[in-house]
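Enquirer:
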Amino acid sequence: MSILVDSETRVLVQAITGREGRFHTAQMKAYGTRLVAGVTPGRAGEQVEGVPVFNTVAEARAATGADASVIFVPAAFAADAVTEAADAGIELIVCITEGIPVRDMVRATAYARSRGSRLIGPNCPGLITPGEALLGILPGSIFQRGPVGVVSRSGTLTYQVVAELGERGLGQSTCVGVGGDPIIGTRFVDVLDLFERDPATQVVVLIGEIGGSDEEEAARVIREMKTPVVGFISGRSAPEGKRMGHAGAIISGGTGTAQSKIEALTAAGVPVAETVGEIVDLVSERL
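Spelled out as structure tokens, the structure:
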């Protein structure tokens, strides 16, 4: 099994005719993702990598039965793309776009939730179930099937951890990049709950960073989990008020520090690696 996506997931791409949409459509299709449609207003009837293009998400869903969407729409219009997908009844919406105004995402995330859609991102690399489906910009070649679930706020750290797990022969059940913006649709607690109910996931790696309180909230959920969790928090040396990479990775008012997150996870029984290299050893000890 897996969580969120598998080989049966029928995927459409919003802004498929743009540069990013075209490139990653080719990558996702080459990986084996079941791409059934693309959407760009005014471009209906065209094809990209053999995938038919529609004017609206509603038309694409009606014609193909798509149940998941990947969004490469520019930041100024991306929130509207989320609401369009939710309006069309898309169950899983993955928003790759970065730089979306916070006010727009407050509105879009609430709307998607009210329509019963699950939003991953924005400003995320997407997700992958190795050997079955890739939705987003993750480099598919480094992933392999296995028992380790990965959930992360950082795309590049995810790649590094997965590569090191692979070197030790440790594959992944599903990897989910939740995104690094202040407002995101799916949080650590949501993904942890899915991993807890997935029999294919024997251990979870949680990759957090400074800013916000998602890791502290995750720690409260982990206390009730049977599946072991290994943690890592980036930004240990970040000064207060200094943004580190992601828009959501900023310490303010003494909250959101690496130390507070490490203490919360440790108190919940989670071993927290000091370096990325230690993560693989901690995972191996729990399998």
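Here the sequence shown is numbered in the numbering used here, starting from 864 and rising by one per residue. Built from N, CA and C at the ideal position, the CB exists for glycine as well.
Going by beta-carbon coordinates alone, are V957 and V936 separated by less than 8 Å?
Expert: no
Enquirer: Exposed or buried, what is E947 when buried is set at 16 or more other beta-carbons lying within 10 Å of its beta-carbon?
Expert: buried
Enquirer: Answer with buried or exposed for K1124, where buried requires no fewer than 16 other C-beta atoms within 10 angstroms of its C-beta.
Expert: buried
Enquirer: With a threshold of 6 Å on Cβ separation, who are the neighbours of V908 within its own chain once the five nearest residues in sequence on each side are excluded?
Expert: Reading off the sequence shown, one finds Gly at residue 908, where the question assumed Val. Correct list: empty, nothing qualifies.
Enquirer: Verify whether the separation of the beta carbon atoms of N986 and G1043 is less than 8 Å.
Expert: yes
Enquirer: Just curious, the alpha helix (DSSP H) that F1058 is in, first and last residue?
Expert: F1051 to E1059
Enquirer: By how many angstroms is the C-alpha of D930 removed from the C-alpha of Y894?
Expert: 19 Å
Enquirer: Roughly how many angstroms lie between the CA atoms of V1068 and G905, to the nearest whole one?
Expert: Cα-Cα distance, rounded: 43 Å.
Enquirer: Does the region 1003–1014 come within contact of the region 877–888, defined as at least 3 CB pairs closer than 8 Å?
Expert: no
Enquirer: Are the region 1052–1065 and the region 1030–1044 touching, with three or more C-beta to C-beta distances below 8 Å?
Expert: yes
Enquirer: Keeping to the same chain, check which residues put their C-beta closer than 8 Å to that of R897; ignore five residues upstream and five downstream.
Expert: S870, E871, T872, R873, V874 and A996
Enquirer: Are G1048 and A939 touching if we call contact CB-CB under 8 Å?
Expert: no
Enquirer: Considering Cα atoms alone, identify which of H1109, R1060, R1099 and V1054 is closest to A1082.
Expert: Considering only alpha carbons, the answer is V1054.
Enquirer: Alpha carbon to alpha carbon, what distance is there between I866 and L1057?
Expert: 6 Å
Enquirer: Are the beta-carbon atoms of P1134 and L1145 separated by less than 8 Å?
Expert: yes
Enquirer: Taking its Cβ as the centre, do 16 or more other Cβ atoms sit within 10 Å of R1050, making it buried, or is it exposed?
Expert: buried
Enquirer: Spatial neighbours of V876 within its chain, please: C-beta separation below 6 Å, excluding the five flanking residues on both sides.
Expert: G884, T888, G901 and V933
Enquirer: Under 8 Å, do T960 and I1046 count as touching if we go by C-beta distance?
Expert: Cβ distance not < 8 Å, so T960 and I1046 don't count as in contact.
Enquirer: Report the option in P988, G1032, D943 and V1143 whose CA atom is closest to the CA atom of G1094.
Expert: V1143
Enquirer: DSSP state of L875, grouped into three classes?
Expert: Strand, per DSSP.
Enquirer: Among residues of its own chain, excluding the 5 on either side of Q1080, which ones have a beta-carbon nearer than 8 Å to its beta-carbon?
Expert: Per the sequence shown, the amino acid found at residue 1080 is Glu instead of Gln. Correct list, in chain order: R1050, F1051 and V1052.
Enquirer: Going by DSSP, which residues form a beta bridge with G1012?
Expert: V1067
Enquirer: Is L867 helix, strand or coil by DSSP?
Expert: In the structure shown, L867 sits in coil (DSSP, three-state: anything other than H, G, I, E or B).
Enquirer: Less than 8 Å between the CB atoms is what I'm expecting for A1121 and I1096, so what's the real figure, rounded?
Expert: 5 Å
Enquirer: Could you check where the alpha helix (DSSP H) with T992 kicks off and where it finishes?
Expert: Note, T992: premise wrong, no alpha helix (DSSP H); beta strand (DSSP E) at G989 to T992.
Enquirer: Whose CA, out of T919, A1026, E922 and D943, lies closest to the CA of R966?
Expert: D943
Enquirer: Have a look at S980 and E954 and give me their C-alpha separation to the nearest angstrom.
Expert: 5 Å
Enquirer: Per DSSP, what kind of secondary structure is Q910 in: helix, strand or coil?
Expert: Strand, per DSSP.
Enquirer: Excluding the 5 residues flanking R1008 on each side, which residues of the same chain have their C-beta closer than 6 Å to its C-beta?
Expert: P993, G994 and G1034
Enquirer: Grouping DSSP H, G and I as helix and E and B as strand, with all else coil, what is G1156?
Expert: Any answer about residue 1156 is impossible in this case: the structure gives the chain only from 864 up to 1150.
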